[in-house]
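Asker: Be aware that the sequence shown starts at 39, since it is given in the working numbering, and climbs by one per residue.
We put the beta carbon where it would ideally sit given N, CA and C, even for glycine.
First the structure, then my questions, so here it is.
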Amino acid sequence: MTEGEPKSLQASQDEVLGKLGETEVTRRGLSWLPVSQFIIWGLFSRASRQRNPDRSWIRAGLEGFCQMAVMLGSEWGHNLAHLAASNTIGKPMDQFRIQLGMPRCVYYQINDQEVAPREHLARALGGPIFNLLVLPFAWKARRLTKKNSIAGITARTAFDTNLFLSTISLLPIPGIDGGPILKWSLVERGRTPWEADEVVRRVNGPLALLLGLFSSGAFWKKKILPGFFSLMLGGICLSIFAGWLKEEDISI
39 MTEGEPKSLQ
49 ASQDEVLGKL
59 GETEVTRRGL
69 SWLPVSQFII
79 WGLFSRASRQ
89 RNPDRSWIRA
99 GLEGFCQMAV
109 MLGSEWGHNL
119 AHLAASNTIG
129 KPMDQFRIQL
139 GMPRCVYYQI
149 NDQEVAPREH
159 LARALGGPIF
169 NLLVLPFAWK
179 ARRLTKKNSI
189 AGITARTAFD
199 TNLFLSTISL
209 LPIPGIDGGP
219 ILKWSLVERG
229 RTPWEADEVV
239 RRVNGPLALL
249 LGLFSSGAFW
259 KKKILPGFFS
269 LMLGGICLSI
279 FAGWLKEEDI
289 SI
């Protein structure tokens with residue numbers, strides 16, 4: 039994701055925990071606490087019990103913990119891959135911030151003129167490439183494990199999560215990877231950043247409609263989480279298309 043706050047405001051609020059390469063790892067107050075981990079663990083454990091009411095809470099809790107670990111671990115890997123890519127090309131992100139137990143990639147200047155278009159592309163592609171590389175291993179693990187075992191359910195969660203991240207992250211929405219990928223591809227071909235922003239804005243109109251239809255179908259099939267997430271993304275796309283929201287205002 040990207041953030042557009044001035045560097046002075048960002049730095050005044052953040053505590054530096056250390057460095058990964060040339061990037062500072064930061065937190066803000068108690069906002070780093072692993073709230074996300076506990077919530078997702080609880081939801082997965084509850085779902086396990088609902089699928090099999092005779093299952094003990096210990097068994098359900100272990101299954102939920104493993105699912106949580108691979109799901110959120112995939113998101114951590116996605117963001118660490120962005121960090122690694124940015125450090126490898128010598129254009130490190132400004133912060134790797136931990137909030138609610140999850141990482142966020144922070145860039146002070148989303149149109150930094152000192153970063154070439156190809157370097158912007160390299161930074162944006164790191165995360166999706168990581169998830170695509172994990173997919174075959176997760177697929178193989180799913181094939182080798184029993185469907186309803188803890189290992190099998192964990193492998194399926196890992197596969198679904200990395201498939202989801204590698205797909206969703208490539209949608210041309212500002213603030214996630216696909217938006218910058220489209221934008222800087224256009225700049226590389228001769229457009230100005232502002233002209234590229236306008237192309238991305240127009241693309242988000244039809245995308246909002248498609249995500250709205252997908253969300254409706256997901257809710258119809260009682261798939262609440264995909265329905266809610268696609269509805270949220272559709273709302274962002276509509277706001278971008280209408281001009282209510284700018285790239286620097288988006289925090290995903």
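Starting from the C-beta of GLY165, find all residues in its chain whose C-beta is less than 7 Å away, skip the five residues before and the five after it, and write them out in chain order.
Answerer: HIS116, ASN117, ALA119, HIS120, SER207 and ASP215
Asker: By the DSSP assignment, the alpha helix (DSSP H) with VAL238 in it spans what residues?
Answerer: In the DSSP assignment, VAL238 falls within the alpha helix (DSSP H) that extends over 231-258.
Asker: Three or more beta-carbon pairs under 8 Å between the stretch 100-109 and the stretch 130-145, yes or no?
Answerer: The stretch 130-145 and the stretch 100-109 do not touch, with fewer than three beta-carbon pairs separated by less than 8 Å.
Asker: With a cut-off of 8 Å on the beta carbons, I'd call PRO218 and HIS158 a contact; round off their distance for me.
Answerer: 6 Å
Asker: Quick one: what does DSSP say LYS57 is sitting in, helix, strand or coil?
Answerer: Here LYS57 sits in strand by DSSP.
Asker: Could you have a look at GLU62 and say whether DSSP puts it in helix, strand or coil?
Answerer: strand
Asker: For the beta strand (DSSP E) that VAL144 lies in, which residues bound it at each end?
Answerer: Residues 140-144.
Asker: Look at ARG161 and SER124 and say whether their C-beta atoms are less than 8 Å apart.
Answerer: Their beta carbons are under 8 Å apart, which means ARG161 touches SER124 by this criterion.
Asker: For GLN151 and THR126, what's the separation of their Cα atoms in angstroms?
Answerer: 18 Å
Asker: Three or more beta-carbon pairs under 8 Å between the stretch 135-146 and the stretch 65-79, yes or no?
Answerer: yes
Asker: Please name the residue in GLY273, THR195 and ILE278 whose C-alpha comes closest to that of SER253.
Answerer: GLY273
Asker: Can you tell me the Cβ-Cβ gap for ASN7 and ASN169, rounded? I've got them flagged as a contact below 8 Å.
Answerer: No answer is possible for residue 7: the residues shown for the chain start at 39 and end at 290.
Asker: Starting from PHE134, follow its DSSP beta bridges and name the residues at the other end.
Answerer: In DSSP, PHE134 forms a bridge with VAL63 and CYS143.
Asker: Starting from VAL191, follow the alpha helix (DSSP H) in both directions and report where the run begins and ends.
Answerer: Strictly speaking, residue 191 in this sequence is Ile, with Val absent from that position. That run of the alpha helix (DSSP H) goes 188-206.
Asker: In whole angstroms, give me the CA-to-CA distance for LYS57 and THR64.
Answerer: 9 Å
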